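Last residue of the sequence shown: number 304 in my numbering, and the count goes up by one each step with no gaps. C-beta atoms are modelled at their ideal positions from N, C-alpha and C, and glycine is treated no differently. Everything numeric in this text was worked out from a predicted model, so none of it was measured. Working notes, beginning with the structure itself.
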Amino acid sequence: MSMTRMWRRVTAALSLVVLAAARAYAADYPSKPVKIIVPLGPPQEFAAFIAAERQRWSEVIRKANIHLEQ
Numbered sequence: 235m236s237m238t239r240m241w242r243r244v245t246a247a248l249s250l251v252v253l254a255a256a257r258a259y260a261a262d263y264p265s266k267p268v269k270i271i272v273p274l275g276p277p278q279e280f281a282a283f284i285a286a287e288r289q290r291w292s293e294v295i296r297k298a299n300i301h302l303e304q
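This is the structure we're talking about:
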């Protein structure tokens, strides 16, 4: 698999996870806006951002019992 194709698959999967987490947050806090910010920069900066977001949203996803449909 090419790196471009793998990158597209990873970003698509991340998009699904972020969207599910945002929906769970919006359901719990309907009066608060949901902001999703993805930094553009060097790969290391993006990797650090993804690691922080994964830690941040994993608890939300776990508490809301969200699962990826296949």
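- Boundaries of the alpha helix (DSSP H) around residue 277: 277 to 297.
- Under the criterion of beta carbons closer than 8 angstroms, residue 259 and residue 294 qualify as touching, at roughly 6 angstroms.
- Judged by their CB atoms, residue 300 and residue 246 are not nearer to each other than the 9 angstroms cut-off.
- Residue state for residue 263 is assigned as coil, using DSSP reduced to three classes.
- Here DSSP, grouped into helix, strand and coil, assigns residue 249 to helix.
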